[in-house]
Amino acid sequence: MDVEARKRSLRYFFAKIVEPLGYKFTPDEELADFLLEQESHLEEAHGSPFCPCQGRTQNHAENMQIVCPCIPFHRDHFDYMKRCWCGLFVHKDVTDADSLSQIPYADFTKARDDARGSGDDR
Amino acid sequence: MKNVLMYTLSTCPWCRKTKKYFTDHNIPFQFVDYDLQTAEEQEKIELEMKKRGGALSFPWVLIGDDVVVGWNPAKYDELMALSKTK
Chain A
0 MDVEARKRSL RYFFAKIVEP LGYKFTPDEE LADFLLEQES HLEEAHGSPF CPCQGRTQNH
60 AENMQIVCPC IPFHRDHFDY MKRCWCGLFV HKDVTDADSL SQIPYADFTK ARDDARGSGD
120 DR
Chain B
0 MKNVLMYTLS TCPWCRKTKK YFTDHNIPFQ FVDYDLQTAE EQEKIELEMK KRGGALSFPW
60 VLIGDDVVVG WNPAKYDELM ALSKTK
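Written out as structure tokens, the structure is:
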């Protein structure tokens, strides 16, 4: 496999998918390049460009939810962080990607539930 | 000093940063690259991570009895500083 060519292809296809979702590639080119390279290798080994920072299991349906770009499957969580878990994509309005952090899903759901609890009756 | 165990992925840049953080701070740690384990070992790790309230998101760091999911040097600092006062 020509890894560099595959990285260019993934970048081309991913941009078309994430743009309408309100995301863009991280401005950190070194990080983007590393992640795309890992995804190229994962695709070659396992058939799909899985997220390099989330684990695959024996459950095929679960695994399909971490194929990049996995934003639609984790939309609320990623919108809250303004980035995806691995950081390949950030919200379009983000100018300083370094200021964003990985927030565990459990922390996100707690914050969301607390906000709902403190709000007006729905 | 608290024991540090981390579950990581060999493909994850944040996992590499996490290992580097503990190495640079001279904090001994154990790590297991989840993706390089057998299916049986992966299943055990998956169960442990999910039992402790996590998804299969990496890095996953157990510091003493506290779990930190994701690259979070401020939290590592906090938990390791706490351990120094005990």
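Sequences listed follow chains A and B, in order. Residues 0 to 121 (numbering that gives the first Met the number 0) make up the first sequence, in order. Residues 0 to 85 (numbering that gives the first Met the number 0) make up the second sequence, in order. C-beta: ideal position from N, C-alpha, C; glycine also.
Residue i to residue j span [Cα, whole Å]
i, j, result
"H59 of chain A", "G46 of chain A", "12 Å"
"C69 of chain A", "C50 of chain A", "8 Å"
"K43 of chain B", "M80 of chain A", "29 Å"
"L87 of chain A", "A31 of chain A", "6 Å"
"W59 of chain B", "L35 of chain A", "22 Å"
"H24 of chain B", "T17 of chain B", "11 Å"
"A110 of chain A", "R15 of chain B", "28 Å"
Delimiting residues of the alpha helix (DSSP H) encompassing residue i
i, result
"D78 of chain A", "74-80"
"W13 of chain B", "12-23"
Per-residue contacts from residue i into chain A (C-beta, under 8 Å)
i, result
"A80 of chain B", "By Cβ distance, chain A contributes nothing, its closest Cβ being about 19 Å from A80 of chain B, past 8 Å."
"E45 of chain B", "G54, T56"
"D34 of chain B", "G54, R55"
"F57 of chain B", "C52, Q53, G54"
"V71 of chain B", "For clarity, residue 71 of chain B is Asn in the given sequence; the question names Val instead. Here the neighbours are S100, Q101."
Contact set between residue i and chain A, taken where Cβ atoms lie within less than 7 Å
i, result
"F28 of chain B", "Near F28 of chain B there are no residues of chain A at all, since even the closest Cβ is about 19 Å away, more than 7 Å."
Within chain B, partners of residue i - CB distance below 9 Å
i, result
"A105 of chain A", "G52, G53, A54, V68"
"Q64 of chain A", "In chain order: nothing, as chain B lies at least about 10 Å away."
Contacts that residue i makes with chain B (C-beta to C-beta distance below 8 Å)
i, result
"L34 of chain A", "P12"
Where residue i meets chain B, residues with beta-carbon distance less than 7 Å
i, result
"P51 of chain A", "L8, T10, C11"
"I70 of chain A", "Those do not exist, as I70 of chain A stays about 15 Å from chain B at its closest Cβ, beyond 7 Å."
N- and C-terminal bounds of the beta strand (DSSP E) containing residue i
i, result
"Y104 of chain A", "Run containing Y104 of chain A: none in the beta strand (DSSP E); it sits in the alpha helix (DSSP H), 104-117."
"I44 of chain B", "Element bounds for I44 of chain B: not the beta strand (DSSP E) but the alpha helix (DSSP H), 38-50."
Where residue i meets chain C, residues with beta-carbon distance less than 8 Å
i, result
"L9 of chain A", "The structure shown contains no chain C; the protein chains it does contain are A and B."
- Query: Which whole runs of the beta strand (DSSP E) in the region 18-99 of chain A are 3 residues long or more, in chain order?
  - Reply: Complete beta strand (DSSP E) runs here, min 3: 22-24, 88-90.
- Please confirm if the region 4-17 of chain B is in contact with the region 47-61 of chain B, defined as three or more CB-CB distances below 8 Å between the two stretches. Under the three-pair Cβ rule at 8 Å, the region 4-17 of chain B counts as touching the region 47-61 of chain B.
- Message: Measuring CB atoms only, is the region 88-101 of chain A touching the region 13-26 of chain A, in the sense that at least three cross pairs come out at less than 8 Å?
- Response: Contact between the region 88-101 of chain A and the region 13-26 of chain A is established, with three or more Cβ pairs separated by less than 8 Å.
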